[in-house]
Amino acid sequence: MSSTESPLKLGFMPLLDAAPLIVAQELGLYKAEGLNVSLVRESSWATIRDKVAFGILDGAHMLAPIPFASTLGLGSVRKPMLTALSLGLNGNAMTVSKALSSDLTQQSSALPQPTTPAEWAQRLSALTRDSATRARPLTLAIVHPHSMHHFLLRTWLKSGGVNPEQDLNIVVVPPPMMVSALEQGDIDGFCVGEPYNAIAQRKGLGDILLTGHDIWPNAPEKVFGVTQQWATAHEEMHHQLIRALIRACQWLDRPENRNDISGMLCQPDYLGLDRDVLQAAVQQMSAPQGTALPATHKHFFQHDATVPWPAHGHWITQQLQELSAAALDLPPTLVADVYRTDLYRRAAESLNIPCPT
Numbered sequence: 000m001s002s003t004e005s006p007l008k009l010g011f012m013p014l015l016d017a018a019p020l021i022v023a024q025e026l027g028l029y030k031a032e033g034l035n036v037s038l039v040r041e042s043s044w045a046t047i048r049d050k051v052a053f054g055i056l057d058g059a060h061m062l063a064p065i066p067f068a069s070t071l072g073l074g075s076v077r078k079p080m081l082t083a084l085s086l087g088l089n090g091n092a093m094t095v096s097k098a099l100s101s102d103l104t105q106q107s108s109a110l111p112q113p114t115t116p117a118e119w120a121q122r123l124s125a126l127t128r129d130s131a132t133r134a135r136p137l138t139l140a141i142v143h144p145h146s147m148h149h150f151l152l153r154t155w156l157k158s159g160g161v162n163p164e165q166d167l168n169i170v171v172v173p174p175p176m177m178v179s180a181l182e183q184g185d186i187d188g189f190c191v192g193e194p195y196n197a198i199a200q201r202k203g204l205g206d207i208l209l210t211g212h213d214i215w216p217n218a219p220e221k222v223f224g225v226t227q228q229w230a231t232a233h234e235e236m237h238h239q240l241i242r243a244l245i246r247a248c249q250w251l252d253r254p255e256n257r258n259d260i261s262g263m264l265c266q267p268d269y270l271g272l273d274r275d276v277l278q279a280a281v282q283q284m285s286a287p288q289g290t291a292l293p294a295t296h297k298h299f300f301q302h303d304a305t306v307p308w309p310a311h312g313h314w315i316t317q318q319l320q321e322l323s324a325a326a327l328d329l330p331p332t333l334v335a336d337v338y339r340t341d342l343y344r345r346a347a348e349s350l351n352i353p354c355p356t
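Numbered per numbering that gives the first Met the number 0, the sequence shown finishes at 356, counting up by one with no gaps.
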């Protein structure tokens, strides 16, 4: 792709885990592949999904379940998508309001403080049964119905006997609006990626109860998604994008680069947040025990974090099936068609990166 051609438009949400797309731009990794890329900040995951589906964006930072949901026509028009790159593992957390945090920790002086996610969920279950003391049902926010946030939240709730359909409300709030929704009392807690958990705790609006890693260590999170039609029509360009993003993920996981990440992300066209806030979220990726913020264990490259594992794809499709009101027609090749490990291997091998089997 020559520099005179129209740039590729790649969408992202203002989150820490959009860093691979941003770092690839800032370090000139796209240009090194001969690509002219324009990054476009979006306001919601539904907007990203639709703009990729209709060709307004060429590709995007995307929730891991979205390529499957779009391919199946769940919640939107049916538009087959694929991913050849996971943008990392872990990174979400569950933040609750100060009031709910107090209710959970002071529920009974006779009980020991919870030490596992299931024990916290059991405490929450007891609160949902005590509805007479609450003006409205507990309301927890997620970023999109087809998200790891939603799936991990439901997994956690059910581990403590909470029925997600009957015992509380689950609503959708875009990530940048989570903190204000908590501040206004519209929600009692949320599951979101950084830096919004850190911001809520920093402002004294909520407490981080647990992280996604506590529920499922090294769970999938975001991917780089494109339509299957676009990938077929631009095979070499797609390959070059995956190469650039793999290199960005490698750079992000090197400890010596941690102090530079926040300086890139804080720019107005990217996350547009105070560098101190972002630096706290970056340090939280591997925070030692006893620090103010719990470690999110965010991995961009380590632990084979860039591989679109078929096992992750099968788990995601199972969650989509459970959420569907009717039985889904899941083609036998669905996971292989959407999670293109073969395309990842081609890019990784061209960079002399060992590919796990």
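All residues carry an ideal CB built from backbone N, CA and C; glycine is no exception.
DSSP three-state call for residue 221: helix, strand or coil? Looking at residue 221 - three-state DSSP - the assignment turns out to be strand.
Out of 240, 343, 298, 351, state which residue places its alpha-carbon closest to the alpha-carbon of residue 87. Measuring from the Cα of residue 87, the nearest candidate turns out to be 298.
Buried versus exposed call for residue 3 [16 or more other C-beta atoms within 10 Å across all chains shown]: Note that residue 3 scores 45 on pLDDT, short of 50, meaning its location in the model is unreliable and no value can be drawn from it.
Rounded to whole angstroms, how far is the Cβ of residue 137 from the Cβ of residue 57, which I believe are closer than 8 Å? Wrong, their Cβ atoms sit about 40 Å apart, outside the cutoff.
Within 10 angstroms of the Cβ of residue 349, are there 16 or more other Cβ atoms? Answer buried if so, exposed if not. Residue environment for residue 349: exposed (fewer than 16 other C-beta atoms within 10 angstroms of its C-beta).
Rounded to the nearest angstrom, what separates residue 82 and residue 329 at their Cα positions? Note on geometry: alpha-carbon atoms of residue 82 and residue 329 lie some 18 Å from one another.
Continuous beta strand (DSSP E) stretch holding residue 92: start and end: According to the DSSP assignment, residue 92 belongs to the beta strand (DSSP E) that extends over 91-96.
Alpha carbon of residue 252 to alpha carbon of residue 168, nearest angstrom: As the crow flies, the alpha-carbon of residue 252 is around 37 Å from that of residue 168.
Please state if the CB of residue 96 and the CB of residue 204 are separated by a distance shorter than 9 Å. With contacts defined as CB atoms closer than 9 Å, residue 204 and residue 96 qualify as a contacting pair.
Please name the residue or residues paired with residue 189 in a DSSP beta bridge. Its beta-bridge partners are 94, 140.
One question on the structure: do residue 84 and residue 193 come within less than 9 Å of each other, judged by their Cβ atoms? Contact: no.
Let me confirm a value: residue 202 is counted as buried when at least 16 other C-beta atoms fall within 10 Å, else exposed. Which label applies? The residue is exposed, with fewer than 16 neighbouring Cβ atoms inside 10 Å.
Buried or exposed by the 16-neighbour rule on C-beta atoms within 10 Å, applied to residue 146: The C-beta of residue 146 has 16 or more other C-beta atoms within 10 Å across all chains shown, which makes the residue buried.
Can you tell me the Cα-Cα spacing of residue 247 and residue 241, whole angstroms? If you draw a straight line from the Cα of residue 247 to the Cα of residue 241, it is about 10 Å long.
Helix, strand or coil at residue 85 [DSSP, three-state]: Look at residue 85 here: in three-state DSSP terms it is strand.
The stretch 32-46 contacting the stretch 230-245, beta-carbon criterion three pairs below 8 Å: In this structure the stretch 32-46 lies against the stretch 230-245, because at least three pairs of beta carbons, one per stretch, are closer than 8 Å.
Check whether the stretch 157-173 touches the stretch 248-267, counting contact only when three or more Cβ pairs, one atom from each stretch, lie closer than 8 Å. By the Cβ criterion, the stretch 157-173 is not in contact with the stretch 248-267, since fewer than three pairs of Cβ atoms, one from each stretch, lie closer than 8 Å.
Using three-state DSSP, classify residue 145 as helix, strand or coil. In this structure, residue 145 counts as coil in the three-state DSSP scheme.
Do residue 191 and residue 63 have their C-beta atoms within less than 9 Å of each other? The Cβ atoms of residue 191 and residue 63 lie no closer than 9 Å to each other.
Please return the same chain residues whose Cβ sits closer than 6 Å to the Cβ of residue 237, not counting the five positions on each side in sequence. Excluding residues within five positions, the ones whose Cβ falls inside 6 Å are 230.
Give the secondary structure of residue 207 by DSSP, where H, G and I count as helix, E and B as strand, and everything else as coil. Here residue 207 sits in strand by DSSP.
Near residue 30, which residues of its chain fall below 7 Å by C-beta distance, leaving aside the five closest residues on each side in sequence? For residue 30, there are no CB contacts under 7 Å within the same chain when 5 residues up- and downstream are skipped.
Give me, in chain order, the residues of the same chain whose beta-carbon lies closer than 7 Å to that of residue 260; leave out the 5 immediate sequence neighbours on both sides. Excluding the 5 residues flanking it on each side, residue 260 has same chain C-beta neighbours closer than 7 Å at 18, 251, 281, in chain order.
Bridge partners for residue 168 per DSSP, in chain order? 138.
Answer yes or no: do residue 90 and residue 295 have a C-beta to C-beta separation smaller than 9 Å? Closer than 9 Å, so yes.
Secondary structure at residue 347, three-state DSSP: helix, strand or coil? Three-state DSSP puts residue 347 in a helix.
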